[in-house]
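**Student:** In the numbering used here, the protein residues as written are 1 to 416. In this text, a Cβ means the ideal position worked out from N, Cα and C, and glycines have one as well. I have a structure I would like to understand better, so I am pasting it below and will then ask my questions one at a time.
Spelled out as structure tokens, the structure:
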């Protein structure tokens, strides 16, 4: 069976540094940090008092007030980003075969705030279980793609992938294969997360996973820096419209890039810590290259998982050096989490959008906040430090890894 070609025809982004794909891109190349003191709740007793929240976002500007009230924030974010991507793709919703349009979405946690608030409200009461009838429908992770399909009438495959921080990259790979194998003409894919909550911040603090650089939140996310002390929690959503190449050509669609391959692997090592030699990461990048039919020297740019944790950054860069050999020194490597923070299940989607726009514009966004050399990192690697760099990018890769040892990798190609 000959696999069908898959292209990207629409993008949507709702991030801590920009509420549209265009504002997100402009902030990326200018090196803007999205970290600031938390406004959602009182952080007096929390170790970490900052995060990368969305700025100037009001759900009811986009969604009917009553409907928005029946959605957790992670679903609201999914609706807004997917609407932008669908509009960007210029899909004629009256003309396409909606039986062949799917929605495959990623969320690592889902409705954490809804769960938290319902339990806290119960604890304040007299023990009688008075729960909101929308508690379960708001909380479950699969409700985001469900709502997207309901709004637009998309009747193809509809589900959520959950693999912690690799969730939306997993969703994109599933979407790729759904079109490759001929099951769909179009898939709306991506991911969303809204874990900047009491439970989210408290839980990650308890794991000692978050930076505690409260005196300077805007510089706290510092991947590859010798003084990094943990990741910065972010929130938001990224959406991509994937389309079968001939289907896109027939309707005269704008094509951003070709989605040429993906890979998956497991560390099989530890619940939260990466394998120190990056064995699972080596495997996932090799799997991705093989799936795309590429050689290591074909890759021009890698957006790393790069969370700003002491162990993870080193392990990933070691793996890149192992997979790409001497060519690793000629790749523009970066971590946009230095600006957006870590969007957990949405990270893969917004970072895929970054590499696609980097190819389109010939610019690699920087890894900001780098001031101190880490002697455990190869100094010959080009980590695109502190300033965007111009680069003609033909092939770009994006890595995302999740607690549980889940690894996902995707590859995009610039069309001639």
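Which same chain residues, not among the five before or five after residue 417, have their C-beta less than 8 angstroms away from its C-beta?
**Tutor:** Lying before the first or after the last residue shown, residue 417 is absent from the chain, which here runs from 1 to 416.
**Student:** Please list the terminal residues of the continuous beta strand (DSSP E) segment that includes residue 406.
**Tutor:** Here residue 406 refers to the residue found at position 406 of the chain shown. 406 to 413 is the span of the beta strand (DSSP E), which, as asked, contains residue 406.
**Student:** Give the straight-line distance between the Cα atoms of residue 266 and residue 407, rounded to the nearest whole angstrom.
**Tutor:** Taking the chain shown and counting its residues from 1, one reaches residue 266 at position 266. Taking the chain shown and counting its residues from 1, one reaches residue 407 at position 407. Their Cα atoms are separated by approximately 6 angstroms.
**Student:** State the DSSP-derived secondary structure class of residue 134, mapped to helix, strand or coil.
**Tutor:** Position 134 of the chain shown, counted from the start, is the residue given in the question as residue 134. In this structure, residue 134 counts as coil in the three-state DSSP scheme.
**Student:** Looking at the unbroken beta strand (DSSP E) that takes in residue 239, where does it start and where does it end?
**Tutor:** Reading the chain shown from its first residue, position 239 is the one you call residue 239. First-last of the beta strand (DSSP E) with residue 239: 236 to 244.
**Student:** Mind pulling the alpha helix (DSSP H) runs of 4 or more residues that sit fully within the segment 305 to 372?
**Tutor:** 310 to 324, 337 to 340, 347 to 361
**Student:** Mark residue 427 as exposed unless 16 or more other C-beta atoms lie within 10 angstroms of its C-beta, in which case mark it buried.
**Tutor:** Coverage of the chain is limited to positions 1 through 416, which leaves residue 427 absent and any answer about it impossible.
**Student:** Return helix, strand or coil for residue 28, following the three-state DSSP convention.
**Tutor:** By one-based count along the chain shown, residue 28 stands at place 28. Here residue 28 sits in helix by DSSP.
**Student:** Considering Cα atoms alone, identify which of 182, 145, 193, 151 is closest to residue 164.
**Tutor:** Residue 164 sits at position 164 when you count from the first residue of the chain shown. Among 182, 145, 193, 151, the Cα nearest to that of residue 164 belongs to 193.
**Student:** What are the boundary residues of the alpha helix (DSSP H) that includes residue 192?
**Tutor:** Residue numbering aside, residue 192 sits at position 192 when the chain shown is read from its first letter. Careful: residue 192 lies outside any alpha helix (DSSP H), inside the beta strand (DSSP E) at 186 to 193.
**Student:** Measuring only the C-alpha atoms, how far is residue 56 from residue 14?
**Tutor:** The count along the chain shown starts at 1 and reaches residue 56 at position 56. The count along the chain shown starts at 1 and reaches residue 14 at position 14. Looking at the two C-alpha atoms, the distance is approximately 11 angstroms.
**Student:** With a floor of 4 residues, list each alpha helix (DSSP H) that falls wholly inside the segment 77 to 125, ordered by position along the chain.
**Tutor:** 112 to 124
**Student:** State the Cα-Cα distance for the pair residue 152 and residue 360, rounded to the nearest angstrom.
**Tutor:** Locating residue 152 in the chain shown gives position 152, counting from the first residue. Locating residue 360 in the chain shown gives position 360, counting from the first residue. So the two alpha carbons sit approximately 29 angstroms from each other.
**Student:** Confirm, please, whether the CB-CB distance from residue 28 to residue 307 is below 8 angstroms.
**Tutor:** Counted from its first residue, the chain shown places residue 307 at position 307. Counted from its first residue, the chain shown places residue 28 at position 28. No, the Cβ-Cβ distance between residue 307 and residue 28 is not below 8 angstroms.
**Student:** Would you report the Cα separation of residue 74 and residue 237, rounded to the nearest angstrom?
**Tutor:** Walking along the chain shown from the start, residue 74 turns up at place 74. Walking along the chain shown from the start, residue 237 turns up at place 237. Between residue 74 and residue 237, the C-alpha separation is close to 8 angstroms.
**Student:** Are residue 122 and residue 129 touching if we call contact CB-CB under 8 angstroms?
**Tutor:** Residue 122 sits at position 122 when you count from the first residue of the chain shown. Residue 129 sits at position 129 when you count from the first residue of the chain shown. In this structure, residue 129 lies closer than 8 angstroms to residue 122 by Cβ.
**Student:** Report the three-state DSSP secondary structure of residue 210 (helix, strand or coil).
**Tutor:** For this step, residue 210 is matched to residue 210 along the chain shown. Residue state, collapsed to three classes: strand.
**Student:** Could you name the residues of the same chain whose beta carbon sits closer than 8 angstroms to that of residue 4, not counting the 5 residues immediately before and after it, in chain order?
**Tutor:** For this step, residue 4 is matched to residue 4 along the chain shown. Closer than 8 angstroms at Cβ, skipping near neighbours: 179, 180, 181, 182, 244, 245, 246.
**Student:** Thinking C-beta only, is residue 191 closer than 8 angstroms to residue 18?
**Tutor:** If you number the chain shown from 1, residue 18 lands on position 18. If you number the chain shown from 1, residue 191 lands on position 191. Taking 8 angstroms as the cut-off, the beta carbon of residue 18 is found no closer than this to the beta carbon of residue 191.
**Student:** Over what stretch of residues does the beta strand (DSSP E) that includes residue 258 continue unbroken?
**Tutor:** Mapped onto the chain shown, residue 258 falls at position 258. Here the beta strand (DSSP E) through residue 258 covers 257 to 266.
**Student:** For the beta strand (DSSP E) that contains residue 395, what are its first and last residues?
**Tutor:** In the chain shown, the residue the question calls residue 395 occupies position 395. That run of the beta strand (DSSP E) goes 395 to 402.
**Student:** Can you give the beta carbon distance from residue 255 to residue 9, rounded, assuming they're within the 8 angstroms contact cut?
**Tutor:** Taking the first residue of the chain shown as 1, we reach residue 255 at position 255. Taking the first residue of the chain shown as 1, we reach residue 9 at position 9. Indeed, because the Cβ distance is near 6 angstroms, the residues count as touching under 8 angstroms.
**Student:** Throw me the rounded Cβ distance for the residue 107 and residue 160 pair, which I believe falls under 8 angstroms.
**Tutor:** Here residue 107 refers to the residue found at position 107 of the chain shown. Here residue 160 refers to the residue found at position 160 of the chain shown. With 8 angstroms as the limit, residue 107 and residue 160 qualify as a contact, their Cβ atoms being about 6 angstroms apart.
**Student:** Check whether the Cβ atoms of residue 321 and residue 315 sit closer than 8 angstroms, and answer yes or no.
**Tutor:** Start at 1 with the first residue of the chain shown, and residue 321 comes out as number 321. Start at 1 with the first residue of the chain shown, and residue 315 comes out as number 315. No, the pair does not count as a contact, with Cβ atoms beyond the cut-off.
**Student:** Let me check you understand the geometry: is the CB of residue 309 closer than 7 angstroms to at least one non-hydrogen atom of the ligand COA?
**Tutor:** The ligand content of the structure shown is nil, which means the ligand COA is not present either.
**Student:** Give me the residue from 235, 12, 323 with the minimum Cα distance to residue 34.
**Tutor:** In the chain shown, the residue the question calls residue 34 occupies position 34. Of the candidates 235, 12, 323, the one whose C-alpha sits nearest the C-alpha of residue 34 is 235.
**Student:** Rounding to the nearest angstrom, what Cα-Cα distance links residue 176 and residue 228 in this structure?
**Tutor:** In the chain shown, the residue the question calls residue 176 occupies position 176. In the chain shown, the residue the question calls residue 228 occupies position 228. If I take the Cα positions, the gap works out to 35 angstroms.
**Student:** Quick one: what does DSSP say residue 302 is sitting in, helix, strand or coil?
**Tutor:** Locating residue 302 in the chain shown gives position 302, where the first residue counts as 1. Three-state DSSP puts residue 302 in a strand.
**Student:** Alpha carbon to alpha carbon, how far is residue 343 from residue 115? Give it in angstroms, no decimals.
**Tutor:** Your numbering for residue 115 matches position 115 in the chain shown. Your numbering for residue 343 matches position 343 in the chain shown. About 19 angstroms.
**Student:** Pull up the distance between the alpha-carbon of residue 263 and that of residue 405, whole angstroms please.
**Tutor:** For the purposes of this step, residue 263 is taken as residue 263 along the chain shown, with counting starting at 1. For the purposes of this step, residue 405 is taken as residue 405 along the chain shown, with counting starting at 1. Rounded to whole angstroms, residue 263 to residue 405 spans 14 angstroms at the Cα level.
**Student:** Which runs of the alpha helix (DSSP H) spanning at least 4 residues fall entirely within the segment 4 to 81, listed in chain order?
**Tutor:** 21 to 30, 65 to 69
**Student:** Thinking C-beta only, is residue 158 closer than 8 angstroms to residue 102?
**Tutor:** Numbered from 1 along the chain shown, position 102 holds the residue referred to as residue 102. Numbered from 1 along the chain shown, position 158 holds the residue referred to as residue 158. The answer is yes: Cβ separation under 8 angstroms.
**Student:** Check residue 163 in the structure and name its three-state DSSP category.
**Tutor:** On the chain shown, position 163 is the one that residue 163 refers to. In this structure, residue 163 counts as strand in the three-state DSSP scheme.
**Student:** If you compare alpha carbons, which of 113, 202, 276 is closest to residue 69?
**Tutor:** As a first step, residue 69 is located in the chain shown; it is residue number 69 there, counting from the start. Of the candidates 113, 202, 276, the one whose C-alpha sits nearest the C-alpha of residue 69 is 113.
**Student:** In the DSSP output, what is residue 427 paired with across the bridge?
**Tutor:** Because the chain is modelled from 1 through 416, residue 427 falls outside the range shown and cannot be assessed.
**Student:** Shortest alpha-carbon distance to residue 250 belongs to which of 91, 363, 11?
**Tutor:** Residue 250 sits at position 250 when you count from the first residue of the chain shown. Nearest option by C-alpha distance: 91.
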